[in-house]
Amino acid sequence: MTGPAYPPLDTPKPVARDIWVVDGPVIRFYKMPFPTRATALRLANGDLWLHSPTRWSASLQAQLEELGPIRHLVAPNWIHYASLPEWQAALPGAQVWAAPGVAARAASRNVAFRIDHALGQDAPPDWAGQVDQMVVTGSNLHAEAVFFHRASSSLILTDLIENFELRTLPWWMRGLVRLGGIAEPGAMPRDMRASFAGHRAELRAQVQRMIAWAPERVIVAHGRWYDRDGTAQLRRAFAWLLD
């Protein structure tokens, strides 16, 4: 067993031109070990856009700043904001963009940080024409902003697909991962599927929009991401919804 993290940690790893992933530490969520992953994009003006930031460190910040100034910090759903206070403290001039539900969740946990902009269904001028976006809605628990980096043909998700490699997990977690529907080759967690009850048509239309983007890659926050055949992987992962 190699463990659920994806070393080397806390270092940008090239995906394609102007896009990198940063694998972070394993965190505990409902007492289960979850690997974490951020995605960094370099926009046409040279600015860096950091999605779902993992733990801050001076070293990681310095490595990213070698790629460009970090101007945008993105909290894509109500859970993926935990490291933002540290990043904001280190980069007070960076703009923070948050999905619906982030502000309320952070306040309920007494986590304080500044949110500059709400993420909506259309890309703002800061990255319009370079990164397409929408907010996946219809769940009574979960709204997630998803992004498509045109230049690299990369779809950037957070929790809509999780993909845990069983060989990396402790024995006691393997059955839970299978039960949750997130064992490799990966899919939407079953509890999240249930949260879209009554809104499957809305979710189906949103997934079909992602498919229409025709991604070559699909980057996810937890588990192995897909470095090829991205559109086919989307169709497979959401077959329960599309068929």
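Going by numbering that gives the first Met the number 0, the first residue of the sequence shown is number 0, and it counts up by one from there. Built from N, CA and C at the ideal position, the CB exists for glycine as well. Predicted model only: the values in this text are computed from it and were never measured.
Can you give me the C-alpha to C-alpha distance between Thr1 and Tyr225, rounded to a whole angstrom? Here residue 1 refers to the residue found at position 2 of the sequence shown. Here residue 225 refers to the residue found at position 226 of the sequence shown. No answer about Thr1 holds up, because its pLDDT of 46 lies below 50 and its placement is not dependable.
How long is the line joining the alpha carbons of Leu154 and Val135, rounded to whole angstroms? To locate residue 154, count along the sequence shown from 1; it is residue 155. To locate residue 135, count along the sequence shown from 1; it is residue 136. Rounded to whole angstroms, Leu154 to Val135 spans 13 Å at the Cα level.
Less than 8 Å between the C-beta atoms of Val95 and Leu118, yes or no? On the sequence shown, residue 95 is found 96 positions in, with the first residue counted as 1. On the sequence shown, residue 118 is found 119 positions in, with the first residue counted as 1. Taking 8 Å as the Cβ cut-off, Val95 and Leu118 do not qualify as a contacting pair.
At what residues does the alpha helix (DSSP H) containing Pro11 begin and finish? Within the sequence shown, the letter at position 12 stands for residue 11. In the DSSP assignment, Pro11 falls outside any alpha helix (DSSP H) and within the unbroken beta strand (DSSP E) covering 11-15.
What residue from Thr35, Ala193, Pro75 has the CA that sits closest to Asn139's CA? On the sequence shown, residue 139 is found 140 positions in, with the first residue counted as 1. Nearest of Thr35, Ala193, Pro75 to Asn139, Cα basis: Ala193.
According to DSSP, is Gly222 helix, strand or coil? Locating residue 222 in the sequence shown gives position 223, counting from the first residue. Strand.
Quick one: residues in its chain with C-beta nearer than 6 Å to the C-beta of Leu165, no 5 flanking neighbours on either side, listed in chain order? To locate residue 165, count along the sequence shown from 1; it is residue 166. Cβ within range, chain order: Arg173, Ala182.
Where the beta strand (DSSP E) containing Arg36 begins and where it ends: Taking the sequence shown and counting its residues from 1, the one referred to as residue 36 is at position 37. Segment 31-41, the beta strand (DSSP E) holding Arg36.
Based on Cα-Cα distance, which residue from Trp239, Gln207, Gly92, Val206 lies nearest to Arg189? Sequence index remark: in the sequence shown, residue 189 carries index 190 (1-based). The closest CA to that of Arg189, considering only Trp239, Gln207, Gly92, Val206, is found on Trp239.
Between Phe147, Ala106, Trp170, which lies nearest to Trp126 when the distance is taken from Cα to Cα? On the sequence shown, residue 126 is found 127 positions in, with the first residue counted as 1. When only C-alpha atoms are compared, the closest one is Phe147.
In the structure shown, what three-state DSSP assignment does Ala211 receive? For this step, residue 211 is matched to residue 212 along the sequence shown. Note: Ala211 maps to helix in three-state DSSP.
Apply the 10 Å Cβ neighbour rule to Gln120 and answer buried if 16 or more other Cβ atoms are within range, or exposed otherwise. Position 121 of the sequence shown, counted from the first residue, corresponds to residue 120. Answer is exposed; the Cβ neighbour count stays below 16.
Sort Ile26, Pro13, Ser151 by Cα distance to Ala4 and report the nearest one. As a first step, residue 4 is located in the sequence shown; it is residue number 5 there, counting from the start. The residue with the shortest Cα to Cα distance from Ala4 is Ile26.
Which residue or residues does DSSP assign as beta-bridge partners of Trp48? Along the sequence shown, one-based indexing puts residue 48 at 49. In the DSSP secondary-structure assignment, Trp48 is bridged to Leu40, His71.
Distance, Cα to Cα, Val130 vs Ala122? For the purposes of this step, residue 130 is taken as the residue at position 131 of the sequence shown. For the purposes of this step, residue 122 is taken as the residue at position 123 of the sequence shown. In this model, Val130 and Ala122 are separated by some 7 Å (Cα to Cα).
What does the alpha-carbon distance come out to for the pair Arg227 and Glu215? The count along the sequence shown starts at 1 and reaches residue 227 at position 228. The count along the sequence shown starts at 1 and reaches residue 215 at position 216. If you take the alpha carbons of Arg227 and Glu215, they lie about 6 Å apart.
Is the Cβ-Cβ distance between Ile160 and Val101 less than 8 Å? The count along the sequence shown starts at 1 and reaches residue 160 at position 161. The count along the sequence shown starts at 1 and reaches residue 101 at position 102. No.
Within 10 angstroms of the Cβ of Glu143, are there 16 or more other Cβ atoms? Answer buried if so, exposed if not. Here residue 143 corresponds to residue number 144 of the sequence shown, with the count starting at 1. Glu143 counts as buried, since no fewer than 16 other beta carbons sit within 10 angstroms of its beta carbon.
To the nearest whole angstrom, what separates the beta carbons of Arg16 and Ser151, a pair I think is in contact under 8 Å? In the sequence shown, counting from the first residue as 1, residue 16 sits at position 17. In the sequence shown, counting from the first residue as 1, residue 151 sits at position 152. About 7 Å; that satisfies the 8 Å criterion.
State the Cα-Cα distance for the pair Pro68 and Pro32, rounded to the nearest angstrom. Counting from 1 along the sequence shown, the entry for residue 68 is found at position 69. Counting from 1 along the sequence shown, the entry for residue 32 is found at position 33. Their backbone Cα atoms lie some 32 Å apart in a straight line.
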